[in-house]
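Quick note, the sequence shown lines up with residues 1 to 662 if you use the UniProt record's numbering. Yeah, the Cβ is synthetic: ideal placement off N, Cα and C, and Gly gets one too. Have a look at the structure below before the remarks.
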Amino acid sequence: MALTEMQNRLANAIRGLAIDGVEAAKSGHPGMPMGMADVATVLFTRFLKFDAANPHWADRDRFILSAGHGSMLLYSLLYLTGVPGMTVEELKHFRQLGYKTPGHPENFHTVGVETTTGPLGQGISTAVGFAFAEKMLAAQFGKKVVDHFTYVIASDGDLMEGVSQEAIALAGHYKLNKMIVLWDHNGISIDGPLTLSDSVDQIKRFQSAGWRAVNVDGHDQDAIAAAIEAAQKSNKPTLIACKTTIGFGSPHRAGTSKAHGEPLGPEEAKLSKENLGITGAPFEVPADVLKAWREAGSRGASARQAWEERFATLSERKQAEFTRRMDHVRPAKLGKAILAHKKALAANPTAMATRKSSEAALNVIVEVMPELVLGSADLTPSNNTKAKGLVEITPKDFKGRYIHWGIREHGMAAAMNGIYLHGGFVPAGGTFFVFTDYARPAIRLAALMGTCPVYVMTHDSIGLGEDGPTHQPVEHLAACRAIPNMRVFRPCDAIETAECWQLALERTNGPTILALTRQNLPLLREATTANLCAQGAYELAGTGGGKAAVTLFASGSEVEIAMNARSILNQRGVPTRVVSVPSLELLLAQPEEVKAKIIGDAPVKVAVEAAVRFGWDAVIGPDGGFVGMTGFGASGPIKDLYNHFGITAEAVAETALRRHNG
Ligand SMILES: Cc1ncc(C[n+]2csc(CCOP(=O)(O)OP(=O)(O)O)c2C)c(N)n1
1 MALTEMQNRL ANAIRGLAID GVEAAKSGHP GMPMGMADVA TVLFTRFLKF
51 DAANPHWADR DRFILSAGHG SMLLYSLLYL TGVPGMTVEE LKHFRQLGYK
101 TPGHPENFHT VGVETTTGPL GQGISTAVGF AFAEKMLAAQ FGKKVVDHFT
151 YVIASDGDLM EGVSQEAIAL AGHYKLNKMI VLWDHNGISI DGPLTLSDSV
201 DQIKRFQSAG WRAVNVDGHD QDAIAAAIEA AQKSNKPTLI ACKTTIGFGS
251 PHRAGTSKAH GEPLGPEEAK LSKENLGITG APFEVPADVL KAWREAGSRG
301 ASARQAWEER FATLSERKQA EFTRRMDHVR PAKLGKAILA HKKALAANPT
351 AMATRKSSEA ALNVIVEVMP ELVLGSADLT PSNNTKAKGL VEITPKDFKG
401 RYIHWGIREH GMAAAMNGIY LHGGFVPAGG TFFVFTDYAR PAIRLAALMG
451 TCPVYVMTHD SIGLGEDGPT HQPVEHLAAC RAIPNMRVFR PCDAIETAEC
501 WQLALERTNG PTILALTRQN LPLLREATTA NLCAQGAYEL AGTGGGKAAV
551 TLFASGSEVE IAMNARSILN QRGVPTRVVS VPSLELLLAQ PEEVKAKIIG
601 DAPVKVAVEA AVRFGWDAVI GPDGGFVGMT GFGASGPIKD LYNHFGITAE
651 AVAETALRRH NG
């Protein structure tokens, strides 16, 4: 069906701005916004429930631009609909330092951006988490206050990335029917036509994963509208394959990979605008078109007001709880519950694997923290993530608080970002520590965005034993510690584990990895009122007043070894202290005087950790002793492995003595 003149002009406003933004920046991606302008126009002017003046309204529909390279599409939409802060000046400074229009959309930087995208596949996978959270929150607070859709624009690249398979399988299985993906089916990527490297039938692929999947002409606005309308009624998630032309309107570049990722150039930009009937100066939107867009932006104001009225009918207690959870304010009772738990542990010291200690802490935490949602990538009995009383979420019932993610570490981590960003929940999910590699792109985005999922990573070293080197992390502590804004905790006993959980859950600006053991560890700590892990490290055992000749630093399971080495050294008349280092990077982030006090000035410093040395020199210095791993592990019983790799109290004492006598 032919477009009305206004429909056409609304879409062309996006095209014009995208052309101008990329021209001004002299870099960027004009093709996708030009191709998807019709789809975006239909979505934003006819369907998306949002109120541009209140971009954080809790029950808004979520829109996720998975194809983050097409960021000018999103910035144009935010400007056109009138989201506060997105002025034309921002568009004129696309990709420039200090403006709200970075190369790829960053939610922590730009109001109206729901999640950070750019690494292909992440947006659509994060969106699964948004859709999950909507269902869970609706099940807990009622449809009266939680009832919205999650819309995604995804590109060919998004669907080619492996993580998208995990995501669509999850959405299909859990029947996340309020997730609607508009696929920019333009058949073009950077190297050329998609046929160079892909022949997947996406319709069949999605259908086989439990989706509804339909084809539509991505330049027929009424057909797109009909497809979205049908999708809204579906009991399955929907893929709308929108057949589009990349760089639509560009006389010489439309339909080619040249349109994907470079400015059209002044001549082609001019020709494109003429071709599309766009007149006026760069960045100029005709007054009647801007007015129509602004009306679209305020279209949702009445829906928001109606929602506020419905919200006001909830009990005051429920309103306060909803707001607390959406604002990510942690429950007041958490600290108290952890302290009581620590005291109970100290009263009855038992040897326990820290994965088991984690479960014990969780049994207490889930009682006081209703927003904590747990899960595992098919390792529930190993990760010990299913705390007492937690009910599973099923496609039919989202009241539960336990998610079986299947063997999908990457999909789980991406969805956890979405669950957190949606608001109302703190997700925690488990797998083996070595498989942080499988989830790393989403974990990295969590750190960048400052979302606060907790990764329960068990089987944290050669201590897992017989599964061997494929499963034994050696470089993962260093690799994870290297991610900015990531916090890695490797607790040494049940009390530290409880403290690390508290710190993980009290964080509101970034994610946490808990690296936990398979093997039992003795209780080494007392139940102090203070959370001793809060500075990353602390003196676990001192010299009793005298000057220390040796300081031993250790994390996790090796703290026990360090304590035994200290006994040996003390017997030999070498005054030795032990510093437990549950979080090396948190220690290093302390103010100099705090750090200096914890590290101390013993002439001999030795660190022990069943992992590679990388990173420890900042504490022990280049001349410090290190007892740990220098390569991959091996398959065998734990005791044999620790002996084989020389990670023993005797070896630690020996290393210290050599330097002491030396
Ligand atoms: C994980 C990841 N790999 C590679 C890239 C670099 N990249 C950006 S866009 C793109 C492919 C573009 O093809 P498509 O997704 O079809 O987008 P379109 O050409 O339609 O804009 C690639 C490889 C990326 N952003 N993310």
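Cβ distance (whole Å) where residue i is taken to contact residue j below 8 Å
| i | j | result |
| --- | --- | --- |
| N485 | G430 | The pair is not a contact, with the Cβ atoms about 21 Å apart (cut-off 8 Å). |
| I124 | A169 | About 12 Å separates the two Cβ atoms, so there is no contact after all. |
| A127 | I419 | The Cβ separation is near 11 Å, so there is no contact. |
| T528 | H476 | 29 Å between Cβ atoms; not a contact. |
| I495 | L334 | Between L334 and I495 the Cβ distance is about 16 Å, and since that is not below 8 Å, they are no contact. |
| S461 | C533 | Incorrect: roughly 19 Å between the Cβ atoms, too far for contact. |
| G424 | L176 | Not confirmed; about 16 Å, so no contact. |
| V574 | V550 | 6 Å |
| S557 | Q519 | 6 Å |
| Q207 | L159 | 14 Å between Cβ atoms; not a contact. |
C-alpha gap between residue i and residue j, whole angstroms
| i | j | result |
| --- | --- | --- |
| A11 | G280 | 16 Å |
| D59 | V146 | 6 Å |
| T245 | D156 | 13 Å |
| E392 | G255 | 47 Å |
| residue 664 | N643 | It is not possible to answer for residue 664, since the shown part of the chain is limited to 1 through 662. |
| residue 663 | M72 | Not covered by the structure: residue 663. The range shown for the chain is 1 to 662. |
| G265 | V216 | 31 Å |
| M369 | R330 | 8 Å |
| A610 | L514 | 16 Å |
| S635 | N509 | 39 Å |
| S250 | R481 | 47 Å |
| L374 | L588 | 30 Å |
| G633 | E262 | 47 Å |
| P55 | G85 | 11 Å |
| T648 | A361 | 29 Å |
| W293 | A52 | 11 Å |
| Y64 | E114 | The question names Tyr, but residue 64 in the sequence shown is Ile. Cα to Cα, I64 sits roughly 6 Å from E114. |
| L78 | K100 | 11 Å |
| R324 | V111 | 21 Å |
| G192 | D198 | 11 Å |
| M352 | F149 | 44 Å |
| R444 | E166 | 18 Å |
| P30 | Y75 | 12 Å |
beta-carbon residue i near ligand 1 non-hydrogen atom, thresh 8 Å
| i | result |
| --- | --- |
| I598 | no |
| M32 | yes |
| A67 | yes |
| E262 | no |
| H410 | no |
| D38 | no |
| E284 | no |
| G255 | no |
| E161 | yes |
| I203 | no |
| G157 | yes |
| L120 | yes |
| N186 | yes |
| L73 | no |
| S76 | no |
| P105 | no |
| S358 | no |
| I190 | yes |
| H29 | yes |
| I513 | no |
| I338 | no |
| L194 | yes |
| G35 | yes |
| G70 | yes |
| I19 | no |
| P441 | yes |
| I246 | yes |
Which whole runs of the alpha helix (DSSP H) in the stretch 67 to 112 are 4 residues long or more, in chain order? Fully enclosed alpha helix (DSSP H) runs of 4 or longer: 71 to 81 and 88 to 92.
Jot down the residue ranges of each uninterrupted beta strand (DSSP E) in the stretch 282 to 363, minimum 3 residues, whole runs only, in chain order. The DSSP assignment places no complete run of the beta strand (DSSP E) inside the stretch 282 to 363 (cut-off: 3 residues).
Taking only runs that begin and end inside the stretch 443 to 522, name each unbroken beta strand (DSSP E) of 3 or more residues, in chain order. Under the rule that a run must span 3 or more residues, the beta strand (DSSP E) segments found entirely inside the stretch 443 to 522 read 454 to 458, 487 to 489 and 512 to 516.
Ignoring anything shorter than 4 residues, give me the alpha helix (DSSP H) runs that lie fully in the stretch 371 to 438, in order along the chain. The DSSP assignment places 380 to 383 and 409 to 422 as complete runs of the alpha helix (DSSP H) inside the stretch 371 to 438, in order along the chain (cut-off: 4 residues).
Extract the residue ranges of the beta strand (DSSP E) inside the stretch 163 to 206, only unbroken runs of 3 or more that lie entirely within it. Taking only runs of at least 3 residues, the beta strand (DSSP E) segments lying wholly in the stretch 163 to 206 are 179 to 185.
Would you list, in sequence order, the uninterrupted beta strand (DSSP E) runs of no fewer than 3 residues that lie entirely inside the stretch 569 to 642? Look at the stretch 569 to 642 and you find these whole runs of beta strand (DSSP E), each 3 residues long or longer: 576 to 580, 604 to 608 and 625 to 627.
If we require 3 or more residues per run, which beta strand (DSSP E) segments fall completely within the stretch 231 to 261? With a minimum length of 3 residues, the continuous beta strand (DSSP E) runs that stay inside the stretch 231 to 261 are 238 to 243.
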